[in-house]
Structures are given as C-alpha cells and as structure tokens.
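Participant: Its first residue numbered 0, the sequence shown is counted upward by one per residue in numbering that gives the first Met the number 0.
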Amino acid sequence: MERIFLDWGKSMVQSAADWLWSRRGELATMCIVVPTSQAGRRLQEALARQAEREDVALLGLRTVTPAHFLRTEDPSIAGDSIELVAWMEVLESITDWSPYAAAFPHSPALDEPAGWSLSLAQSLFQLRRNLQENALRIRDAARLMQSSIDAERWPALAALEDAVEKKIFAWAYQSRTQALRSRVIGKQLPPLPDGCTQLVIIGVTETSALVRAQWQLHDKVRILIAAPETEAEHFDEAGQPKLTWNERLQAFPGRDGVPGEVIITNDARQLAEAAVDAMARSGLASDQVMLATSDVTLGQPLRQSFSRAGWEIYDPSGAPGTLDWRAWLRHWQRWLLDPQLAVLGEMAGFPETTVITEMPSLRWATCLGKMRNDWLVENLDDLQRIQPQERMRPAQDLGLLISATQRALAWRDRFLQEGFHSAFAALCAAWLEAGVIDIETHDALLDHAEVTQRIASLVRRDAGFWLNLFLETLPATTAPIPENRVLDVEGWLEIPFHASPYLLVCGMDDQSVPARGSGEPWLAEGSRGLLGLTTDALRSARDAYLYTAMIEARRRDGRIDIICAKTDQAGKILRPSRFLLQARGRELAERVAHLFCEIPPSDAQLTWNADWRWQPRLVAVCPEKDGVRKLSVTALRDYLMCPFRFYLKHGLRMNQLKGDRGEWDPRDFGTIMHEVLEDWGRDEEARDLTNSKSLADWLNTRLDQVIAQWYGPRPNLALQLQTAALKQRFAWFAEVQCERRAEGWQVIEVEKEFTLEMEGNFVLRGEIDRIDHNPTTNEWMMWDYKSGKLTGKVAAQHCKSISARTVLPAHLQDDPRLTFLGADSKPQLWTNLQLPLYAAAHQTAEFPGVGYIAMGDASDQIRFDAWENFEPSIAESAKSCAQMILDHITAGHFWPPNEKATYDDFKLLAAGAELETMMREPVP
0 MERIFLDWGK SMVQSAADWL WSRRGELATM CIVVPTSQAG RRLQEALARQ AEREDVALLG
60 LRTVTPAHFL RTEDPSIAGD SIELVAWMEV LESITDWSPY AAAFPHSPAL DEPAGWSLSL
120 AQSLFQLRRN LQENALRIRD AARLMQSSID AERWPALAAL EDAVEKKIFA WAYQSRTQAL
180 RSRVIGKQLP PLPDGCTQLV IIGVTETSAL VRAQWQLHDK VRILIAAPET EAEHFDEAGQ
240 PKLTWNERLQ AFPGRDGVPG EVIITNDARQ LAEAAVDAMA RSGLASDQVM LATSDVTLGQ
300 PLRQSFSRAG WEIYDPSGAP GTLDWRAWLR HWQRWLLDPQ LAVLGEMAGF PETTVITEMP
360 SLRWATCLGK MRNDWLVENL DDLQRIQPQE RMRPAQDLGL LISATQRALA WRDRFLQEGF
420 HSAFAALCAA WLEAGVIDIE THDALLDHAE VTQRIASLVR RDAGFWLNLF LETLPATTAP
480 IPENRVLDVE GWLEIPFHAS PYLLVCGMDD QSVPARGSGE PWLAEGSRGL LGLTTDALRS
540 ARDAYLYTAM IEARRRDGRI DIICAKTDQA GKILRPSRFL LQARGRELAE RVAHLFCEIP
600 PSDAQLTWNA DWRWQPRLVA VCPEKDGVRK LSVTALRDYL MCPFRFYLKH GLRMNQLKGD
660 RGEWDPRDFG TIMHEVLEDW GRDEEARDLT NSKSLADWLN TRLDQVIAQW YGPRPNLALQ
720 LQTAALKQRF AWFAEVQCER RAEGWQVIEV EKEFTLEMEG NFVLRGEIDR IDHNPTTNEW
780 MMWDYKSGKL TGKVAAQHCK SISARTVLPA HLQDDPRLTF LGADSKPQLW TNLQLPLYAA
840 AHQTAEFPGV GYIAMGDASD QIRFDAWENF EPSIAESAKS CAQMILDHIT AGHFWPPNEK
900 ATYDDFKLLA AGAELETMMR EPVP
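(1) With DSSP as the reference, label GLY850 as helix, strand or coil.
(2) Hey, quick one: how far does the beta strand (DSSP E) through VAL295 stretch, first residue to last?
(3) Measuring alpha carbon to alpha carbon, tell me which of LEU382, LEU468, GLY531 ends up nearest ALA455.
(4) Could you give the first and the last residue of the continuous alpha helix (DSSP H) run that contains TRP363?
(5) If you draw a straight line from the C-alpha of GLU493 to the C-alpha of ALA38, how long is it?
(6) Taking 8 angstroms as the cut-off, does the stretch 907-922 touch the stretch 664-674 (at least 3 CB pairs, one atom from each stretch)?
(7) Tell me whether ALA603 sits in a helix, a strand or coil according to DSSP, three-state version.
(8) Rounded to whole angstroms, what's the CA-CA distance from ALA603 to PHE578? Just pull it up for me.
(9) Out of curiosity, what's the CA-to-CA distance linking GLN131 and SER75?
(10) Looking at the secondary structure, which residues open and close the beta strand (DSSP E) in which HIS943 lies?
(11) Can you grab the Cα-Cα spacing for the pair ASP903 / TRP310, in whole Å?
(12) At the level of alpha carbons, what is the spacing between ILE401 and CYS366?
(13) Enumerate, from N- to C-terminal direction, the unbroken alpha helix (DSSP H) stretches of 4 or more residues contained entirely within the stretch 82-137.
(14) Whose C-alpha, out of ALA409, GLU246, TRP866, is nearest the C-alpha of THR352?
(15) Taking only three categories from DSSP, how would you classify LEU914?
(16) Going by the beta-carbon positions, is the gap between LEU5 and SER14 smaller than 8 angstroms?
(17) What residue does the beta strand (DSSP E) around GLU489 start on, and which one ends it?
(18) For ARG612, which three-state DSSP category applies?
(19) Tell me whether the beta-carbon of PHE905 lies closer than 8 angstroms to the beta-carbon of ALA840.
(20) If you compare alpha carbons, which of ILE222, GLY194, ILE263 is closest to LYS565?
(21) Counting pairs of beta carbons, one from the stretch 614-633 and one from the stretch 643-651, are three or more of them closer than 8 angstroms?
(22) By the three-class DSSP mapping on this structure, what secondary structure does LYS785 have?
(23) Leaving out the 5 sequence neighbours to the left and right, which residues in its chain are closer than 7 angstroms to LYS629 when beta-carbon positions are compared?
(24) Quick check: ALA47 and LEU57, are their CB atoms within less than 8 angstroms of each other?
(25) At a cut of 8 angstroms, does the stretch 164-183 reach the stretch 27-37 through at least three beta carbon pairs?
(26) To the nearest angstrom, how far is the alpha carbon of LYS219 from that of ALA237?
(27) Taking a contact to mean a Cβ-Cβ separation below 8 angstroms, would you say MET289 touches SER499 in this structure?
(28) Which word fits SER824, buried or exposed, when buried means at least 16 other C-beta atoms lie within 10 angstroms of its C-beta?
(29) Can you look up ILE801 in the DSSP assignment and give me helix, strand or coil?
(30) Between ARG527 and the rest of its own chain, which residues show a CB-CB distance below 6 angstroms, the 5 nearest in sequence each way excluded?
(31) Could you spell out where the alpha helix (DSSP H) holding LYS726 opens and where it closes?
(32) Report yes or no: do three or more beta-carbon pairs, one from the stretch 211-230 and one from the stretch 85-100, lie closer than 8 angstroms?
(33) Would you mind sorting SER360 into buried or exposed? The rule is 16 or more other CB atoms within 10 Å of its CB.
(34) Could you compute how far the alpha carbon of ALA448 sits from the alpha carbon of ALA364?
(35) Is PHE234 helix, strand or coil when you go by DSSP?
(36) Classify MET672 as helix, strand or coil using the three-state DSSP reduction.
Structure (structure tokens):
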C-alpha cells in the first residue's frame with residue numbers, strides 16, 4: 000500500500016480532488032474509498048466543479064465506504080434477524096445454566112415468558128458483530144484472552160456460540176462470522192465495482208483490522224493523507240493516525256494565529272442561538288459555511304433556532320415524524336398482546352388505523368374517550384355490556400365504536416391465526432391500496448419481513464414475536480429533507496470533505512470529541528486492545544488528527560468558530576473537549592480561564608412573552624330553545640369563581656377527559672355513591688329501616704349490583720378496593736341514618752327535579768338529592784350528599800365574610816346583589832348558591848332548612864350538617880345574586896379571568912402562566 004501525503008493547507012476534499020483530476024485518465028479504474036456516503040458526494044461535487052471549469056466531461060466516481068468490504072450478499076448467509084432468532088432459540092432452550100456459570104453467575108431466566116431473551120440475545124449478537132472487526136469468533140477470543148482477568152467467562156460464551164452456529168447450519172444458512180473468516184482464510188479479494196483495478200483510499204482515518212487486511216490483498220492501493228510528508232511517522236501503513244497524536248499540543252481558534260473563536264454557552268438552547276448569531280455575523284452565503292456537530296442531540300435545538308431565524312436546515316440524524324407506520328406497529332404489537340381499548344385509543348390518530356377499522360377515526364374516537372372517562376371501559380366486552388343500558392342514549396356513536404373495535408380485533412385474529420408474515424403482507428397491501436404508504440415503502444416492508452419468513456415454519460413463535468423482531472431489526476431512518484433548506488448539519492467525520500472557508504462546530508465537549516465506544520458489556524477497553532479491535536485510545540488519536548487537520552485547512556484563508564455548552568439537554572455537566580486544553584504553562588491557564596468562565600443563565604436577560612394568544616369565539620351560553628334558556632344551579636358557582644373559566648366550560652363545552660385512569664376519580668366515586676343512595680331513597684321499605692346492619696346490608700348489596708352493571712363481574716383490583724372503601728362509608732352512614740330515623744325524620748323524595756323561573760327567559764334547573772320531613776315537628780330539610788371532606792360550616796361553603804378592605808375580583812364588584820348580611824350583621828359575599836336556591840324553589844309545604852350529608856372517609860366525617868340560622872331572606876338574596884349572574888351572561892361578560900380561582904380545570908391552557916396572559920377576551 001502506497002501512502003501519499005497531501006498539503007493540509009487546504010481541505011482534504013480540495014487536495015484529493017486536485018490529485019484525482021491530475022490523474023483523470025485513471026478514474027475509470029479507481030475504486031475510491033471514503034469514510035461516509037456524504038464524503039463521497041462532496042468529492043464528486045468538487046471534481047464536477049473542476050470539470051466544469053475546464054469544460055470537460057466527467058464520468059461518475061465509483062465511491063464506497065469501508066463497510067463495503069464487510070458486505071455479505073450471498074443469500075445463504077444468515078441475516079441479522081436470523082442470527083438473532085438463533086441466539087434466542089438457544090438461550091431459551093437452556094434449562095440448566097450451571098455449565099455457563101462463569102458468564103452467568105445467576106440464571107438469566109427464572110419463570111420468564113417466551114421472548115425474555117431478546118435483550119441478552121442482542122448483546123451477544125453485538126459481541127459477535129464487534130469481533131468481526133478482526134474476523135474473530137468468540138472461541139478465537141477465548142484463546143486470545145486466556146491470560147486476562149475475565150478469561151473464565153469466554154469458554155462459556157464460546158459454548159453458546161457453538162450452539163448458535165449449529166442452529167444456523169440446521170436452518171441451511173451460514174453465519175456472517177463464518178463467511179468473513181472464510182474470506183480471510185482463503186485470501187479472497189473483496190468485490191470491487193466493475194472495471195476497477197486499484198483502490199484509492201481518501202480520508203479514511205479509522206477502519207477495522209479485517210478491512211485493512213482485505214485492502215492489502217490488492218496489488219495497487221494508494222492512500223491519500225491530508226498532512227505534509229513531515230508527519231509521516233504519525234500514521235501507520237494504512238494511513239491511520241497513530242497513538243502519538245494523543246500527545247500533541249493543539250491550537251485554539253482565536254489564538255495561535257488561528258482565525259475564529261471558542262464561544263462558551265450555558266446549555267443547548269443558548270448554543271443553538273449562538274450558532275445563529277455566528278452565522279449571521281459571518282455575512283457569508285450558506286454555501287460558504289459548514290455547520291458541523293459531533294453531538295447528534297444538538298440537531299433539534301439547532302433546527303429550531305435556525306428556523307426561528309428564517310433559515311431551514313437539515314439534520315440527517317433527526318427522527319422522522321412520530322405518526323408513521325413504525326410508531327403504529329409498536330402500538331399494534333401491544334394490541335396483539337392484549338387488545339385493550341387504551342391501545343386502540345392511542346392508534347386512533349394514525350391513518351393506518353382508518354384502514355383496518357374502515358371508517359374515519361373521528362367518528363368513534365371521541366366516543367371512546369368519553370366511554371373510558373365515564374365508564375372506565377377496557378375492552379369490547381365492556382362496551383357490549385353497557386350498550387343496552389337505558390342511559391346510553393344516543394347509542395349511534397357507541398355502535399360505531401363497537402364496530403371499529405370488532406374490525407381491529409378481526410385483524411388481530413388474522414395475525415394470530417395466519418401468522419405474522421401472511422397477515423402483514425395483507426396489511427401492507429391494504430395500506431398501499433388506501434394510499435397510506437407508497438409502492439417503494441410497501442416493497443421495502445415486505446423485503447424486510449421476508450428475511451425471517453423461511454425460518455418461521457421451523458420456529459414455534461407467535462405473531463407478536465415476529466413483529467417485535469421485525470421492529471427491532473428495522474434499519475435506521477432519517478428525517479425527510481425540508482424544502483428550501485439552506486444548510487445541512489454535518490458530522491465530525493465529514494469536516495475534511497467540506498471546502499467551505501467558514502467552519503462552525505457545535506458541541507465540542509469531552510463526551511463526543513474524542514469519540515468513545517458505546518459501552519459494550521462484554522468487551523472492556525483492555526480486552527478490545529488484546530483482540531486487535533478499535534479502542535478509545537485509537538479513536539482519540541483519530542479525532543486529534545482530524546482536529547489538527549481542520550485547523551490547518553483554514554489557518555490561512557478561513558475561520559473556525561467552536562461553540563461549547565456547559566450542560567446538555569438533560570442538565571448534565573459537560574466538560575470542553577480535551578483537545579481545547581492540550582497546551583502548557585500560561586497558554587493552558589488562559590484557555591482554562593476562557594473555557595470555564597462564568598456565563599449568565601440563558602434566560603437571565605429575557606422577559607417572557609407569549610408568541611400567540613388564543614381568542615375564543617363568543618357564543619351564547621345555554622342558548623334559547625322553545626323560548627327558554629336553561630342553566631344548571633350548580634353552574635352558577637363556576638361564574639362566581641371565574642367568569643372566563645365558566646365560559647370555557649359552559650359556553651364552549653371544554654373539558655379534559657381522563658380515560659387513562661384505572662380507578663374512580665372523586666367524581667366517579669360520588670356518582671356511584673349517589674346512585675346507590677338514590678335507589679335506597681326510592682325504596683319505601685328500605686328507607687324506613689331502623690336497624691343499621693340491615694340498612695348497611697341493603698346498601699352494600701345494591702352497590703355490588705351497580706358495580707357489576709357498570710364494570711362487569713370482575714372489576715379490577717383498584718375498583719375492588721374503592722368499592723370496599725365505599726362499603727365502609729355506607730356502614731358508618733347506616734348508623735347515623737338510623738339515629739336520624741329514630742328522631743322521626745322520614746325520607747320523602749330523592750333526586751327531586753325542580754325549575755326556578757328567572758328574568759330574561761332563563762330557567763334554573765336542579766336536582767335535590769334528598770328531601771326529609773319530620774311529621775312530629777312539621778320541619779322540612781333539603782339535603783345534598785357530599786363524598787368529599789367538608790371543612791367548616793355549611794354557610795362557609797356558600798359565602799365568606801368581607802370588609803371594606805377586601806379586594807374583590809373584577810367580575811364581583813359594584814353590585815349589591817353579590818352580598819347579604821349574615822347573622823352577625825356582617826356582609827357576606829356569595830361564592831356558591833346551590834342550597835339557598837334549592838330552598839328558593841319552594842318544593843316543600845313549609846320553608847325548609849338546608850344542609851349537607853357528609854359522606855367522608857372516616858366515621859367522624861359522616862354526619863348531617865345543617866345550615867345554622869338559615870332564613871328565607873338568605874334564599875331570596877341568593878336568587879337575586881343568581882339573577883345578576885344571568886344578566887352578566889346575557890350581556891356576554893366573561894372577562895377578565897379571576898387569577899385567584901380556588902380550583903382550575905384549565906391550567907393546562909395557561910402553560911404555567913396566567914390565563915389573562917395567554918388568552919384574549921372572547922369575541923363574536
């Protein structure tokens with residue numbers, strides 16, 4: 000192999016293009032090896048510019064990467080998926096792990112379900128892949144590692160490898176490891192493009208021992224190195240940087256005669272903003288700039304910051320959109336395992352789901368959210384049990400939901416019965432027909448699935464296993480290229496192949512430069528050296544050379560800016576790359592002072608402002624129907640608390656469903672409790688019971704019936720525990736209720752509906768939980784059950800004392816109807832009108848008392864709590880206050896929000912700020 004040293008006073012791509020152009024007559028015979036595909040494209044562009052300047056036709060270069068020399072395209076060689084299955088089959092067939100105790104002191108499988116071995120199989124598969132760098136088997140490694148500290152575990156791993164090789168051979172395949180070893184032993188020439196008789200290796204600063212051995216088999220190999228001849232001793236015969244590069248001092252942009260600067264920022268967001276500023280200050284066109292990073296996590300903040308500045312950039316490492324077939328298949332995998340409606344809900348937003356349900360998801364997804372929120376449904380059986388119930392009206396949407404679920408289950412049955420490969424082919428065909436995927440994606444999916452189809456009949460695994468394997472072995476994807484992009488985010492290894500005079504390097508920290516291995520669990524750094532594999536020390540030497548080369552290429556006619564962040568996106572502390580600190584004496588001290596200087600927080604000088612404020616449309620609250628506007632009595636409390644939140648809830652009908660819970664929330668708990676107590680109050684015999692045990696038994700029996708009706712015969716454990724808790728409350732309630740009955744009080748009506756006519760065509764409507772009468776004293780009481788904890792007296796739940804110094808919310812000012820005089824002759828501000836309006840509805844023969852029946856979670860929290868000194872004047876005041884609220888509703892007064900609201904169902908809309916900051920006043 001012949002080493003050719005080029006001047007590093009300009010970029011590698013320029014020097015290489017000049018060298019190739021001077022030998023353009025040989026280009027047809029050259030196979031050019033470059034480190035990355037992007038480097039090959041850059042080299043092709045540089046040569047094309049040369050040809051255009053001299054008006055000469057140029058044929059396309061034949062470029063490959065080092066991975067080309069590890070390709071094994073023979074169909075008899077087992078692919079990655081097949082070898083992974085072989086490892087899983089071997090691991091899961093082991094019943095006695097004692098022969099492998101040196102590698103596995105504790106049995107990795109203890110009552111584990113099928114498929115448990117995937118992660119272990121992947122790690123052992125990766126071990127074999129790493130050993131292929133030097134054409135080694137695990138058994139070869141065991142021989143080489145006999146004197147190492149972990150020598151004992153390698154023979155155990157080798158025994159597992161032997162079993163895997165036998166399994167692969169039994170399936171009529173050859174492993175990739177064996178194929179590569181055969182190629183080395185037989186000294187087979189690596190395949191080259193047609194007509195190529197020589198290798199030209201350009202800028203490849205790291206490759207495996209196996210690839211280098213294959214290069215040496217060629218008669219004519221020339222290696223181009225971007226360095227002067229005086230640096231020859233620092234490169235090996237294959238042009239790879241030697242470890243001596245780790246010992247060299249390094250230059251620093253902005254010092255040592257290197258144009259540029261090193262910019263220190265606090266975090267990734269500040270780094271990205273600094274990159275935009277640096278780009279703008281350069282004043283150069285985008286084709287004169289290279290934006291590079293060695294940290295792939297910086298791609299997203301860079302894209303966002305440049306996009307805000309009006310520049311679209313492309314990050315190849317960025318993930319594709321989340322709503323694609325890959326994400327859908329992950330959900331489908333869960334559906335195959337357990338067809339819960341929660342999974343179907345997560346799939347609702349995908350077009351792939353529309354294909355299998357044969358209807359737009361919007362038609363049933365809303366119903367699904369409501370059913371999961373109101374009924375805690377989990378599966379199709381729950382839906383079908385609930386459908387006939389009288390309360391399920393209208394049932395059309397539920398019917399659509401059931402139909403969609405049945406169709407999704409039919410596809411699931413197809414996967415389980417026909418097998419993954421047949422059903423998946425049918426699914427892809429349906430997607431193609433519906434236009435969800437294109438023909439290219441369709442063919443690629445089937446090709447990937449076909450890899451394991453041959454062995455599927457030999458291995459007893461279910462569809463979920465094959466789908467999981469399919470997903471685990473999918474090739475990496477890249478984000479789509481945005482239209483009108485002006486710049487690409489390029490990697491560290493591509494820097495030598497970019498001729499732009501301005502280099503902007505982002506994220507040069509010690510975690511990424513120099514690069515490090517991925518933390519292979521079976522191969523420590525020392526072991527890698529013994530086995531002739533690439534080590535972190537060699538990677539460091541490579542990166543030290545690349546850093547020097549990028550400095551020297553722009554020392555005369557360019558500029559280099561390096562931007563470092565002190566923390567990553569997770570808040571972890573980052574240190575600057577060691578290359579920036581490779582200096583001595585005063586120079587080192589000044590670099591340390593610069594790199595570790597204090598930086599103001601990224602938001603220290605920023606005042607937060609909302610980029611956009613939502614302005615809801617103004618619609619009529621409780622619009623008129625048949626000449627009447629109806630509003631619930633309980634809704635008035637929402638207006639007193641906050642007019643804008645009232646409008647969102649009762650005008651726009653906004654609410655947040657919580658269907659992901661597996662237990663009752665406080666509302667559910669109260670609803671179940673009310674239903675049981677309503678049924679008891681309607682049973683004339685049961686409501687007169689005076690024996691607490693008999694009453695508790697009646698309530699508990701009815702509770703069990705309601706639970707079975709709502710949630711089926713086998714509710715989950717959380718519901719069982721909540722049911723037991725409610726039964727305990729009923730036991731305490733039975734004692735208090737029987738005492739009340741003994742005092743002469745009788746339950747007369749429950750869930751008594753009433754209406755209260757108001758001005759402006761309004762009618763207030765409500766339901767009184769319970770009306771009691773005592774014939775002996777001719778007293779009447781209206782009660783409202785409360786399952787939550789009550790603090791203070793009943794009056795305190797409806798009003799609060801105010802004084803001249805009390806600052807009222809903007810919507811509760813300048814109207815005397817908002818207050819009344821309490822028993823202590825002090826003004827009271829209305830906060831809730833519920834119980835007084837019950838009394839104002841005149842549903843009893845005499846003016847009633849009002850109060851709460853507390854149904855708390857302790858025996859002392861169960862009580863009948865009446866409003867003390869409740870008078871007709873209080874009810875009339877509440878009615879006047881209600882009329883004031885209705886007048887405001889009629890006038891469309893829903894602004895501003897009360898930022899001191901006692902509870903907030905809409906804090907998500909405020910995004911941590913105040914609603915008035917994020918919203919605008921509703922307009923028609």
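Positions of the beta carbon are idealized from the N, C-alpha and C atoms, including for glycine.
Facilitator: According to the structure shown:
(1) Numbered from 1 along the sequence shown, position 851 holds the residue referred to as residue 850. In this structure, GLY850 counts as strand in the three-state DSSP scheme.
(2) As a position in the sequence shown, residue 295 is number 296, starting the count at 1. Counting along the chain, VAL295 falls outside any beta strand (DSSP E), and DSSP gives it neither H nor E.
(3) Taking the sequence shown and counting its residues from 1, one reaches residue 455 at position 456. Of the listed residues, the one whose Cα sits closest to ALA455 is LEU468.
(4) On the sequence shown, position 364 is the one that residue 363 refers to. Counting along the chain, the alpha helix (DSSP H) containing TRP363 begins and ends at 361-374.
(5) Walking along the sequence shown from the start, residue 493 turns up at place 494. Walking along the sequence shown from the start, residue 38 turns up at place 39. Approximately 6 angstroms, taken between the alpha carbons.
(6) Too few Cβ pairs lie closer than 8 angstroms, so no.
(7) Translated into positions along the sequence shown, residue 603 becomes position 604. Residue placement at ALA603 cannot be trusted, given a pLDDT of 49 that sits under 50; what the coordinates show is reported in the next sentence. In the structure shown, ALA603 sits in coil (DSSP, three-state: anything other than H, G, I, E or B).
(8) Looking up residue 603 in the sequence shown gives position 604. Looking up residue 578 in the sequence shown gives position 579. Only weak support exists for where ALA603 lies, its pLDDT of 49 falling under 50; the coordinates are left without a value.
(9) Here residue 131 corresponds to residue number 132 of the sequence shown, with the count starting at 1. Here residue 75 corresponds to residue number 76 of the sequence shown, with the count starting at 1. Those two C-alpha atoms are separated by around 18 angstroms.
(10) Given that the chain is displayed from residue 0 to residue 923, the structure contains no residue 943 and the question cannot be resolved.
(11) On the sequence shown, position 904 is the one that residue 903 refers to. On the sequence shown, position 311 is the one that residue 310 refers to. In a straight line, the C-alpha of ASP903 is about 40 angstroms away from that of TRP310.
(12) Residue 401 sits at position 402 when you count from the first residue of the sequence shown. Residue 366 sits at position 367 when you count from the first residue of the sequence shown. If I take the Cα positions, the gap works out to 10 angstroms.
(13) 117-130
(14) The residue labelled residue 352 in the question sits at position 353 within the sequence shown. The shortest C-alpha separation from THR352 is found at ALA409.
(15) Taking the first residue of the sequence shown as position 1, residue 914 is located at position 915. Looking at LEU914 - three-state DSSP - the assignment turns out to be helix.
(16) The sequence position of residue 5 within the sequence shown is 6, counting from 1. The sequence position of residue 14 within the sequence shown is 15, counting from 1. Closer than 8 angstroms, so yes.
(17) Here residue 489 is taken as the residue at index 490 of the sequence shown, counted from 1. Residues 484-489.
(18) Taking the first residue of the sequence shown as 1, we reach residue 612 at position 613. DSSP places ARG612 in coil when its eight states are reduced to three.
(19) Here residue 905 is taken as the residue at index 906 of the sequence shown, counted from 1. Here residue 840 is taken as the residue at index 841 of the sequence shown, counted from 1. Contact: no.
(20) Taking the sequence shown and counting its residues from 1, one reaches residue 565 at position 566. Nearest option by C-alpha distance: ILE263.
(21) yes
(22) Position 786 of the sequence shown, counted from the first residue, corresponds to residue 785. Looking at LYS785 - three-state DSSP - the assignment turns out to be strand.
(23) Along the sequence shown, one-based indexing puts residue 629 at 630. Sequence-distant partners of LYS629 (beyond 5 residues in either direction) whose C-beta falls short of 7 angstroms from its own C-beta, in its chain, are CYS621, VAL762, ARG764.
(24) Residue 47 sits at position 48 when you count from the first residue of the sequence shown. Residue 57 sits at position 58 when you count from the first residue of the sequence shown. Yes.
(25) no
(26) Position 220 of the sequence shown, counted from the first residue, corresponds to residue 219. Position 238 of the sequence shown, counted from the first residue, corresponds to residue 237. The alpha-carbon atoms of LYS219 and ALA237 are separated by roughly 13 angstroms.
(27) Here the question's residue 289 lines up with position 290 in the sequence shown. Here the question's residue 499 lines up with position 500 in the sequence shown. Yes, the pair counts as a contact, with Cβ atoms nearer than the cut-off.
(28) By one-based count along the sequence shown, residue 824 stands at place 825. In this structure SER824 is exposed. Its beta-carbon is surrounded by fewer than 16 other beta-carbon atoms within 10 angstroms.
(29) Counting from 1 along the sequence shown, the entry for residue 801 is found at position 802. Three-state DSSP puts ILE801 in coil, outside helix and strand.
(30) To locate residue 527, count along the sequence shown from 1; it is residue 528. Within the same chain, ARG527 has close Cβ partners THR534.
(31) By 1-based counting over the sequence shown, the position of residue 726 is 727. Going by DSSP, LYS726 is part of the alpha helix (DSSP H) stretching over 716-741.
(32) In the pairwise beta carbon analysis, the stretch 211-230 is classified as not touching the stretch 85-100: fewer than three pairs are separated by under 8 angstroms.
(33) By one-based count along the sequence shown, residue 360 stands at place 361. Result: buried.
(34) By 1-based counting over the sequence shown, the position of residue 448 is 449. By 1-based counting over the sequence shown, the position of residue 364 is 365. Looking at the two C-alpha atoms, the distance is approximately 31 angstroms.
(35) For this step, residue 234 is matched to residue 235 along the sequence shown. Residue state for PHE234 is assigned as strand, using DSSP reduced to three classes.
(36) Numbered from 1 along the sequence shown, position 673 holds the residue referred to as residue 672. MET672: helix per DSSP, three-state reduction.
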